[in-house]
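For the sequence shown, this note's numbering begins at 5 and goes up steadily by one. These notes are about the structure you will find just below.
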Amino acid sequence: MTITAEVVADSVSESGTRLTTLQLKYPRFIHAELMTHRVFSRNASSSRAIPVKRMIADIRKDPAMPIHWGANQSGMQAREELTPFKKWMTRKLWLGAMWVATTIAGMMNRIGAHKQIVNRIIEPWQHIHVIVSSTEWANWDALRIHPDAMPDIQELARKMQAARMQSRPVSRDSRYPDIAANWHLPYVDEYELKRYAKNPLQLAKLSVARCARVSYLNHDGSIPNATADVALYNRLVGSEPIHASPTEHAAFPFEDGNARYKNFTGWCQYRGIVERDTALASMKFDEKYAFLIGII
């Protein structure tokens, strides 16, 4: 089983408010625990997007398993583990169930069932890739790095905390929003920052597309193409309804470190620009005028 946490973007405003984006990998069976924290902006890889053969191969190579094999007892916490023999037997049964489920999934795939159906029955052994951005981590750390939390989520939380502690955030200047270097842009590299130094909104589009697939690279492992990423962005943001969650990771700092926008403190998400433009596009001329005057 694999649990990893890696910082992909780390920024701090002049007022001292820090925004960090992490890329995570962990067992899908603890994903619901992360989703309860609403201060997080997050996107995750989907079972519907990964071919069945690849999913089966990934699971058989590195199946998700509990890191603590607790003995049955009252309450939510399994303080004590099974005896060594029972632990060995339970682990073997867990893996046996995985082989049965993946074999059935393979048969369903050969019949012609779609991956959005087939991949569901093998989710207990899947790892999930997640990108998460936040300005607030204290509550997560307090709840999840705690003896009462499930051991697997404790391990994830510890690795997330360690990754943040080892990272050095880049200073962003709120006075110059037209300079790309002052934006928080996950999955945008140094070459792209220099090429589009005065066009941060173009880079935000690239960042949104890559956050949507939870990777700098394409799904096949190839280097991303800016044109293709913009096309993906247009499908996400230009469609009805808008797929807005990937637009929450790119952000620009407020001068006021206590100002809030949605679930961020001290930072304005690119989602705000998207929603403003969408609102303007649907308005009549006099409504647009009144809206803009209200903003000014």
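From the three backbone atoms N, C-alpha and C, an ideal C-beta is built for every residue, glycine too.
Legend entry - Residue from P245, A254, H41 whose Cα sits closest to the Cα of P204: Measuring C-alpha to C-alpha distances from P204 to each of P245, A254, H41 identifies A254 as the nearest.
Inset, instruction - Could you name the residues that DSSP lists as bridge partners for G74? - result: Partner(s): E85.
Legend entry - Three-state class that DSSP yields for L189 in the structure shown: Reduced to three states, the DSSP call for L189 is coil.
Legend entry - Whether A48 touches L26 by CB criterion (9 Å): No; because the gap between Cβ atoms is not below 9 Å, this pair is not in contact.
Inset, instruction - Could you spell out the range, first to last residue, of the beta strand (DSSP E) harbouring K29? - result: Counted as a single uninterrupted DSSP element, the beta strand (DSSP E) harbouring K29 occupies residues 22 to 31.
Inset, instruction - Report buried or exposed for A53, applying the criterion of at least 16 other Cβ atoms within 10 angstroms of its Cβ. - result: It counts as exposed.
Legend entry - P88 to D145 span [Cα, whole Å]: Counting only the Cα atoms, D145 lies some 31 Å from P88.
Inset, instruction - From the DSSP output, in three-state form, read off A294 for me. - result: Caution applies to A294, whose pLDDT of 48 falls short of 50 and renders its modelled position unreliable; the value that the coordinates give is listed next. Here A294 sits in helix by DSSP.
Inset, instruction - Report the rounded CA-to-CA distance for I297 versus A184, giving the unit in angstroms. - result: Reliability fails at I297, whose pLDDT of 43 lies under 50, so the model's placement of it is uncertain and the value that follows must be treated cautiously. Cα-Cα distance, rounded: 27 Å.
Inset, instruction - Taking I157 as part of the alpha helix (DSSP H), name the residues at either end of that continuous run. - result: Element bounds for I157: 155 to 170.
Inset, instruction - Report the option in S178, V241, E127, H150 whose CA atom is closest to the CA atom of R32. - result: Distances from the alpha-carbon of R32 to those of S178, V241, E127, H150 put E127 closest.
Inset, instruction - Provide the residue span of the alpha helix (DSSP H) that contains E10, from first to last. - result: From DSSP, E10 is part of no alpha helix (DSSP H) but of the beta strand (DSSP E) over 8 to 17.
Legend entry - Presumed contact (8 Å Cβ cut-off) between S175 and L23, rounded CB distance: Between L23 and S175 the Cβ distance is about 12 Å, and since that is not below 8 Å, they are no contact.
Inset, instruction - Just tell me which of V241, D14, W141, I60 has its CA closest to the CA of M111. - result: When only C-alpha atoms are compared, the closest one is I60.
Inset, instruction - Please name the residue, chosen from R217, I7, S78, L197, that lies closest to S3 on a Cα-to-Cα basis. - result: Nothing about residue 3 can be read from this structure; the chain reaches only from 5 to 300.
Inset, instruction - State the Cα-Cα distance for the pair A161 and I149, rounded to the nearest angstrom. - result: Between A161 and I149, the C-alpha separation is close to 6 Å.
Legend entry - The alpha helix (DSSP H) enclosing H122, as first and last residue numbers: Note that residue 122 is Val in the sequence shown, not His. Per DSSP, the continuous alpha helix (DSSP H) segment holding V122 begins and ends at 119 to 122.
Legend entry - Counted within 10 angstroms of its Cβ, other Cβ atoms place N113 as buried (16 or more) or exposed: Under this definition N113 is a buried residue.
Inset, instruction - Alpha carbon to alpha carbon, how far is T251 from Q158? Give it in angstroms, no decimals. - result: Approximately 28 Å between the Cα atoms of the pair.
Legend entry - Three-state secondary structure (DSSP) of R46: In this structure, R46 counts as strand in the three-state DSSP scheme.
Inset, instruction - Return the first residue and the last residue of the alpha helix (DSSP H) that A36 is part of. - result: That run of the alpha helix (DSSP H) goes 35 to 39.
Legend entry - DSSP state of T106 mapped onto helix, strand, coil: Residue state for T106 is assigned as helix, using DSSP reduced to three classes.
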